[in-house]
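Asks:
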Amino acid sequence: MAISRKWLEKIFLMLLSGGLLLSSAFGLEPPTKEQIKKYKQEGTYAARVAAAKAIANYKMDPELVARFNYKMKKLALESQGYSSEEIEKILAPPPAWRGMPTKGTIKVLALLIAFQDYPPVTPASTIAQRLFGPEQPSDYQYPYESLRAYYQRSSYQQLDIQGDVLGWYITAYPRSQVTETSTGRDNLIKEALNYYKQQGHDFSQYDNNNDGIIDYFLVFWTGPHGEWASFWWGYQTSFSDSTFVLDGKRWRKYSWQWELYDYPSGQFSPKTSIHETGHALGLPDYYDYDDSVGPRGGVGGLDMMDSTYFDHNCFSKFVLDWLTPSIFNAGRHTYTLRAAASEAEAMLFFPTAQPGDIFNEYFMVQNRYATGNDRTLQNWFGGTSEVGLAVWHVDARLNNNGRNFLYDNSYTDHKLLMLMQADGLDEIEKGLGYWFNPGDFYRPGNELGPSNYPNTNAYNGAPTGLGITSIQGTGSSISFQAYSGTNPKIRLSFSTFSFGNVNVCTFSDGLVTIYNDGDGPLTISDILRSSGASDFSFIGPACPFVVPVGSFRDITFRFNVYDTGPLTAGFLISSNDPDYPQTRLDVSGFGFVPEITLSIQVDRKIERAWIIRRSYAVITIGVNKSAPFIVDSYRLSRSESGGSQAVILKNFQESDFQNGSVTLVDKYLEPNKNYIYTIEAIDCYGRVINHSTQGKQPLLLDLDINKGRTAKPILKRG
48 MAISRKWLEK IFLMLLSGGL LLSSAFGLEP PTKEQIKKYK QEGTYAARVA
98 AAKAIANYKM DPELVARFNY KMKKLALESQ GYSSEEIEKI LAPPPAWRGM
148 PTKGTIKVLA LLIAFQDYPP VTPASTIAQR LFGPEQPSDY QYPYESLRAY
198 YQRSSYQQLD IQGDVLGWYI TAYPRSQVTE TSTGRDNLIK EALNYYKQQG
248 HDFSQYDNNN DGIIDYFLVF WTGPHGEWAS FWWGYQTSFS DSTFVLDGKR
298 WRKYSWQWEL YDYPSGQFSP KTSIHETGHA LGLPDYYDYD DSVGPRGGVG
348 GLDMMDSTYF DHNCFSKFVL DWLTPSIFNA GRHTYTLRAA ASEAEAMLFF
398 PTAQPGDIFN EYFMVQNRYA TGNDRTLQNW FGGTSEVGLA VWHVDARLNN
448 NGRNFLYDNS YTDHKLLMLM QADGLDEIEK GLGYWFNPGD FYRPGNELGP
498 SNYPNTNAYN GAPTGLGITS IQGTGSSISF QAYSGTNPKI RLSFSTFSFG
548 NVNVCTFSDG LVTIYNDGDG PLTISDILRS SGASDFSFIG PACPFVVPVG
598 SFRDITFRFN VYDTGPLTAG FLISSNDPDY PQTRLDVSGF GFVPEITLSI
648 QVDRKIERAW IIRRSYAVIT IGVNKSAPFI VDSYRLSRSE SGGSQAVILK
698 NFQESDFQNG SVTLVDKYLE PNKNYIYTIE AIDCYGRVIN HSTQGKQPLL
748 LDLDINKGRT AKPILKRG
């Protein structure tokens, strides 16, 4: 049926006046196939699609994107070896999350509103059970038996949504009197909330982060649903009246949904609430709003944010910080993934890890064994739970302002998130039913790589050289091998490195160069001392770091000398070189103390003052070194002949011996006593490296006494 442009504009304005386009945050329940067919026949589909696009919930929440972007930059810096302290200095802190928390125990409100002409069918207690009840695997609606149980499973017990149900609140007027605008919707909600406030209900308990805002609540209404993207449809929106305050709290996002899809028939299901709560967490719709633009089919129904069935995919869980995938970029490695519905496991592979351009386009792999939130996948596999691997092609590059992803699943040249279909038929994108099928999963005998179709090329056609093969099993544990068609090859500028003679209490740095002679990026994952003296250490750069093809990277080792004599150590350099995953480097050096000659001359003198005789000593100390060496201090002490405890007279510094010697007067000595003076050279670790005395020679351990006045040090660890 032909339809005029004016009529399309009229429909669009009708949707606009219905309040669907007045909210900055909006989540939309997908239309059925029957509805799409009907709208196309009527000629209203284009206008409804335009209305849905204006809602913009095909895009991820910008706040969630900002947090995800921070996480990706942090991972990129970690991959280059930066410490947590260094990363905090480089990156601005992530933005404070204003929406519904993605982790922890939170409490939300469910508000039930009925009308004079549409009485409620479902008891409030039943809705409370369906929203906040515990896990019930035997429930006929499982895995959608409750909102709480679904998200506990999906988040791996990291998110626990609890709450209260208020209602039913029944208006004194028929539903037709509700003004179908944002203001009309808000006024209806305020009417019900004010009623329960008068009953003494405390609404402050739903502010989960104490920021003065109730981030999310749910509203259920009675009566038949309207058309897709109309006022009486299921969606998430935001409270438009910022002046409305109860118990000191303002109101933000809420989901707006029907009690029963086929009112007054059927039974209450929390599936719509589960989908809309995904929007509250920040996730976009993955279904295709407009099949006339870009690739069709969304993710083929294989996600709660597409069809309102099954679990959230591993990319969404990655964004929500529910899992951190294993990373593969080169070489060859075997992975084992357990069921994604019960284990926080996934594998992410990409060819390079360059600063500022990491984790933008990549592939993710997960095992979609039919358990937990994925249990109904059994219906696609003849009742068996053995599904296989789902492989996703992700392009999470940011747009020009950096506030959202450049791509989405509705209006761009390629998708933000695409299911790789192992059978190579691309039935989802061709619009042949739009749903996934068993042939889309990777099972034993399937391979994904540069020469397969579909392949692992980037969207711009550039080959990544990566792939997965040797898939073993289809059950709750599936193993496979990830490989790179291009492999790195490590080469060191030295297999042995000598620091030569280095003075004790000093250090020397040496550079060794790592070359990548292969045709794939070389990742140095660790450099550790495996044997030998701890005087040797690896300094940097911090691991892991990447050496591009045909490039090199200097690494620094340090000889920080404590012991004297010949010293050695061995280091193991771990990399993704498939032939030499560990390369050994041997280092050596000689801890050295130059000969230091200390001289001490003591002249005893007596001073007469009237009838009093005062004894004192003039002490002259000399220092001579065979080579430059910084002595930490020179300690002059005095003891009485006969073994009394020595008294430290003074500690001299190197600067005191600029002229080669120093003189000190020791006053008020007892005339009839013999004294022994000792000068000792002390190193930076507090050890005596040389000494000289005048008088009886004292015994000093770890020293080779040489002719009474000089000593050559032999320094060892205590």
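Residue numbers in the sequence shown follow our numbering, run continuously in steps of one, and reach 765 at the last position. Every residue, glycine too, gets a C-beta built ideally from N, C-alpha and C. These figures come from a predicted structure and were not determined experimentally.
(1) Going along the chain, which unbroken runs of the beta strand (DSSP E) with 3 or more residues stay wholly within the segment 371-457?
(2) Hey, how far is the Cα of TYR627 from the Cα of ASN499?
(3) For ASP254 and PHE410, I'd like the C-alpha separation in whole angstroms.
(4) If you draw a straight line from the C-alpha of PHE115 to the C-alpha of THR516, how long is it?
(5) Grouping DSSP H, G and I as helix and E and B as strand, with all else coil, what is THR284?
(6) Quick check: the Cα distance between PRO675 and ASP703, rounded to an integer number of angstroms?
(7) Can you tell me the Cα-Cα spacing of ALA327 and ARG538, whole angstroms?
(8) Tell me whether TYR92 is buried or exposed, calling it buried when 16 or more other Cβ atoms sit within 10 Å of its Cβ.
(9) Can we say the segment 627-639 touches the segment 539-550, given the rule of at least three CB pairs closer than 8 angstroms?
(10) Below 8 angstroms on the Cβ atoms is my contact criterion, and I expect ASP157 with GLY231 to pass it. Report the Cβ-Cβ distance as a whole number of Å.
(11) Starting from ILE321, follow the beta strand (DSSP E) in both directions and report where the run begins and ends.
(12) In terms of alpha-carbon separation, which member of PRO398, LYS364, ILE571 lies closest to SER389?
(13) From the DSSP output, which residues share a beta bridge with ASP337?
(14) Per DSSP, what kind of secondary structure is LEU240 in: helix, strand or coil?
(15) Quick check on DSSP: helix, strand or coil for TYR263?
(16) Select from THR355, ASN671, LEU265 the residue whose C-alpha is nearest the C-alpha of THR79.
(17) Considering only DSSP beta bridges, list what GLY617 is partnered with.
(18) Quick check on LEU472: does DSSP put it in helix, strand or coil?
(19) Return the chain-ordered ranges of every alpha helix (DSSP H) run that is complete within the segment 116-185 and spans a minimum of 4 residues.
(20) Helix, strand or coil for ILE571? Go by DSSP, reduced to three states.
(21) Which word fits LYS786, buried or exposed, when buried means at least 16 other C-beta atoms lie within 10 angstroms of its C-beta?
(22) Throw me the rounded Cβ distance for the ASP262 and GLY146 pair, which I believe falls under 8 angstroms.
(23) For GLY347, count neighbouring C-beta atoms within 10 Å of its own C-beta (all shown protein chains included) and say buried if the count is 16 or more, exposed if not.
(24) Pairing CB atoms from the segment 462-479 with CB atoms from the segment 514-528, are three or more of them under 8 angstroms?
(25) I think THR603 touches GLY587, with their Cβ atoms under 8 angstroms apart; what is that distance to the nearest whole Å?
(26) Among LEU384, SER373, TYR416, which one has its Cα closest to the Cα of PHE397?
(27) From ILE647 to PRO613, what distance separates their C-alpha atoms?
(28) For GLU642, which residues of its own chain have a beta-carbon under 6 angstroms away from its beta-carbon, when the five flanking residues on both sides are left out?
(29) Per DSSP, which one or two residues make a beta bridge with GLY612?
(30) If you run the structure through DSSP and keep just helix, strand and coil, what is MET465?
(31) Just the C-alpha distance for VAL735 and SER680, rounded to the nearest angstrom, thanks.
(32) Nearest to VAL709 by CA position, among LEU716, ASN719, LYS697, is which residue?
(33) Is the CB-CB distance between PHE286 and TRP305 below 8 angstroms?
(34) If you count every other CB in all the chains shown that lies within 10 Å of the CB of ARG685, and 16 or more means buried, which is it?
(35) Is GLY139 buried or exposed, if buried means 16 or more other CB atoms sit within 10 Å of its CB?
(36) Using a Cβ-Cβ cut-off of 8 angstroms (strictly less than) and excluding sequence neighbours within five positions of PHE599, which residues of its own chain qualify?
Replies: Inspection of the coordinates gives the following:
(1) 373-375, 379-385, 394-396, 408-414, 436-442
(2) 29 angstroms
(3) 37 angstroms
(4) 30 angstroms
(5) strand
(6) 16 angstroms
(7) 51 angstroms
(8) buried
(9) yes
(10) Checking the displayed sequence, the identity of residue 157 turns out to be Ala instead of Asp. Actually they do not touch by this definition, with Cβ atoms about 21 angstroms apart.
(11) That residue, ILE321, is in no beta strand (DSSP E); its alpha helix (DSSP H) goes 318-327.
(12) LYS364
(13) For ASP337, which the question treats as bridged, DSSP gives no partner whatsoever.
(14) helix
(15) strand
(16) THR355
(17) SER578, ASP633
(18) coil
(19) 131-137, 171-179
(20) strand
(21) With the chain running from 48 to 765 in the structure shown, residue 786 is simply not present.
(22) 5 angstroms
(23) buried
(24) no
(25) 5 angstroms
(26) SER373
(27) 32 angstroms
(28) SER673
(29) GLY638
(30) strand
(31) 10 angstroms
(32) LYS697
(33) no
(34) buried
(35) This sequence places Ala at residue 139; Gly is not what is there. Label assigned to ALA139: exposed.
(36) THR560, ILE561, TYR562, ASN563
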